[in-house]
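First the structure, in the form of structure tokens, and then the observations on it.
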Amino acid sequence: MYEINQVLGVCENLKGEIYEVFTHYDEGDAVSAVGTITKSPTDKNGIVLGQRPPQVLWADTQLNAMWMSPEGNLWVVDRSGNAYTDADVTFPTPPQPSFRYKKLAADKDWNVTYVANNLLQAVWGTSNNDVWASSFRGQAYHWDGQCWSEHDIGNVSTAMDGSGPDDIYIVGYHGKIHHYDGQTWKQIPYPDHLPEGEVFTDVKVISESEVYICGRSGDLLKGNAKDGFVDIGSPEYTWYGIGCLNERIFLAGGSKGIFELKDGQFICLKDKGNPVGVFETQKAIYFIPGEQQENSWIIQYWPGADKEWMKISS
68 MYEINQVLGV
78 CENLKGEIYE
88 VFTHYDEGDA
98 VSAVGTITKS
108 PTDKNGIVLG
118 QRPPQVLWAD
128 TQLNAMWMSP
138 EGNLWVVDRS
148 GNAYTDADVT
158 FPTPPQPSFR
168 YKKLAADKDW
178 NVTYVANNLL
188 QAVWGTSNND
198 VWASSFRGQA
208 YHWDGQCWSE
218 HDIGNVSTAM
228 DGSGPDDIYI
238 VGYHGKIHHY
248 DGQTWKQIPY
258 PDHLPEGEVF
268 TDVKVISESE
278 VYICGRSGDL
288 LKGNAKDGFV
298 DIGSPEYTWY
308 GIGCLNERIF
318 LAGGSKGIFE
328 LKDGQFICLK
338 DKGNPVGVFE
348 TQKAIYFIPG
358 EQQENSWIIQ
368 YWPGADKEWM
378 KISS
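Heads up: take any position in the sequence shown, counting from 1, add 67, and you land on this note's numbering.
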């Protein structure tokens, strides 16, 4: 058993089952963290309670992010430069010999590859043959169904999202926003009043014309790469994540709680939980607490459920 167990992300498959990615380590030894992924069934009220979700993957390194493809396959990246998927693909490069992982579900086979000597931070795509992974050292890696290619964008990434193969955003440290138009990655300018070293924490692409980018200085940029962005945020807040459910925009406000952007105003829905991440599914939105000890947990908001707000212990 590990002293620290934390949920880092949530996604949903085509059956409505919920996957959670975890990191596990002993206090003071985060460098030795391992990662797991669990799968939980859902009903009309969200994640089914009263049972421990089974693990489907274990790795001897921290799993940083995951994404569900439109085909219903899971893609995962880690801090050691590996990518994992249960899609029927053939990777040209095997994982490193010293790397260890275990498939823990009989119905799920994993294909694993070593992408690069880099800390992979985010993963997103449009299909199993069009997948992007962004990194800590400023590179983005593209899987085209045959091989991975490297693109040097110079952005230490925190998040990635898009609306299609020719409309992808990567945001991150040092006030950088990059956009891919299907041919090249280009840096996108942002409002001059923002701090030079701003950290953009998340990006949510609603459509080609409507994109939101949030940051630690309370900024919330709205716009797109073609027409530019305006800041509709406030320095009163610190934003760690953004999500969309049923055309509603939700924000993770850290110590100030969970917010909804409504008619240009930030409405506090919950002033607890210290949320630092937001992940939406088809029927619900999940908030990741910054503090999850002694037991890991997430916040579920499922509109229309018998109990719309739930604390889910993992």
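Heads up, the beta-carbon is just placed ideally off N, CA and C, and yes, glycines get one too. Because the structure is a prediction, the values reported are computed rather than measured.
For this session: Return the first residue and the last residue of the beta strand (DSSP E) that Leu-187 is part of.
Result: According to the DSSP assignment, Leu-187 belongs to the beta strand (DSSP E) that extends over 187–194.
For this session: Work out the CA separation of Asp-269 and Gly-324 for me, nearest whole Å.
Result: The straight-line gap from Cα to Cα measures roughly 16 angstroms.
Exercise. Leaving out the 5 sequence neighbours to the left and right, which residues in its chain are closer than 6 angstroms to Tyr-307 when beta-carbon positions are compared?
Worked result: So the list reads Thr-268, Ala-319, Gly-321, Val-343, once near-sequence residues are dropped.
Exercise. Can you give the Cα-Cα distance for Thr-128 and Val-182, rounded to whole angstroms?
Worked result: So the alpha carbons of these two residues sit roughly 15 angstroms apart.
Exercise. With DSSP run on the structure shown, which of helix, strand or coil describes Ala-126?
Worked result: DSSP places Ala-126 in strand when its eight states are reduced to three.
For this session: Please check if any C-beta of chain C sits within less than 8 angstroms of the C-beta of Gln-367.
Result: Of the protein chains in the structure, only one exists, and it is not chain C.
Exercise. Hey, how far is the Cα of Gly-148 from the Cα of Ser-216?
Worked result: Rounded to the nearest angstrom, the two C-alpha atoms are 14 angstroms apart.
For this session: Quick one: residues in its chain with C-beta nearer than 7 angstroms to the C-beta of Gly-113, no 5 flanking neighbours on either side, listed in chain order?
Result: Ala-351, Gln-367, Trp-369, Ala-372, Met-377, listed in sequence order.
Exercise. What are the residues that DSSP puts in a beta bridge with Thr-354?
Worked result: Inspection of the sequence shows that residue 354 is occupied by Phe rather than by Thr. Its beta-bridge partners are Val-345, Ile-366.
Exercise. Whose C-beta lies closer than 6 angstroms to the C-beta of Val-143 among residues of the same chain, with five residues either side of it excluded?
Worked result: In its chain, beyond the 5 residues on either side, Leu-130, Met-133, Tyr-151 have a beta carbon closer than 6 angstroms to the beta carbon of Val-143.
Exercise. Just how far apart, CA to CA, sit His-218 and Ser-194?
Worked result: Cα to Cα, His-218 sits roughly 19 angstroms from Ser-194.
For this session: Would you kindly check if the distance between the Cβ of Glu-87 and the Cβ of Gln-349 is under 8 angstroms?
Result: The criterion of a C-beta distance shorter than 8 angstroms is not satisfied by Gln-349 and Glu-87.
Exercise. So, is Leu-116 buried or exposed, given that buried needs 16 or more other C-beta atoms within 10 angstroms?
Worked result: Answer is exposed; the Cβ neighbour count stays below 16.
For this session: Please report the Cβ distance between Ile-309 and Cys-281, rounded to the nearest whole angstrom; I am assuming they are in contact, meaning their Cβ atoms lie under 8 angstroms.
Result: Their Cβ separation, rounded to whole angstroms, is 5 angstroms, which keeps Ile-309 and Cys-281 in contact under 8 angstroms.
Problem set entry | Supposed contact pair Val-123 and Thr-105 - C-beta distance, whole angstroms, cut 8 angstroms | The Cβ separation is near 7 angstroms, so the contact holds.
Exercise. From the DSSP output, which residues share a beta bridge with Leu-318?
Worked result: For Leu-318, which the question treats as bridged, DSSP gives the partners Ile-309, Phe-326.
Exercise. Helix, strand or coil for Val-98 per DSSP?
Worked result: Note: Val-98 maps to helix in three-state DSSP.
For this session: Count the other CB atoms, across all protein chains shown, that sit within 10 Å of the CB of Asp-248; report buried if there are 16 or more and exposed otherwise.
Result: Classification for Asp-248: exposed.
Problem set entry | Assigned exposure category for Asn-185 - 16 Cβ within 10 Å defines buried | Answer is buried; the Cβ neighbour count reaches 16.
For this session: Would you mind sorting Ala-207 into buried or exposed? The rule is 16 or more other CB atoms within 10 Å of its CB.
Result: When all chains shown are included, Ala-207 counts as buried.
Exercise. Which residues in the same chain as Phe-296 place their Cβ atom closer than 6 angstroms to its Cβ, once the five residues preceding and following it in sequence are excluded?
Worked result: Closer than 6 angstroms at Cβ, skipping near neighbours: Tyr-257, Leu-288, Gly-290.
Exercise. Is there contact between the stretch 270–279 and the stretch 220–235, where contact requires at least three CB pairs shorter than 8 angstroms?
Worked result: Enough Cβ pairs lie closer than 8 angstroms, so yes.
Problem set entry | Proximal residues to Ile-237 (C-beta, below 7 angstroms), its chain only, five neighbours per side dropped | Cβ within range, chain order: Ser-201, Ala-207, Ile-220, Asn-222, Ser-224, Met-227, His-245.
Problem set entry | Top-ranked residue by Cα proximity to Phe-346, from Ile-85, Ile-71, Asn-72, Leu-81 | Distance check between Phe-346 and each of Ile-85, Ile-71, Asn-72, Leu-81 places Ile-85 closest, using alpha-carbon atoms only.
For this session: Determine the direct distance from the alpha carbon of Lys-329 to that of Val-179, and round the result to whole angstroms.
Result: The alpha-carbon atoms of Val-179 and Lys-329 are separated by roughly 42 angstroms.
For this session: Excluding the 5 residues preceding and the 5 following Gly-139 in the sequence, name in chain order all residues of the same chain whose CB lies nearer than 7 angstroms to its CB.
Result: Cβ within range, chain order: Asn-80, Leu-81.
Problem set entry | Bounding residues of the beta strand (DSSP E) (the contiguous stretch that carries Val-297) | Here the beta strand (DSSP E) through Val-297 covers 295–298.
Problem set entry | Glu-303 beta carbon less than 8 angstroms from that of Gly-285 | Yes, Cβ-Cβ distance for Gly-285 and Glu-303 is below 8 angstroms.
For this session: State the start and end residues of the unbroken beta strand (DSSP E) segment that holds Leu-287.
Result: Where Leu-287 is concerned, the enclosing beta strand (DSSP E) stretches over 287–291.
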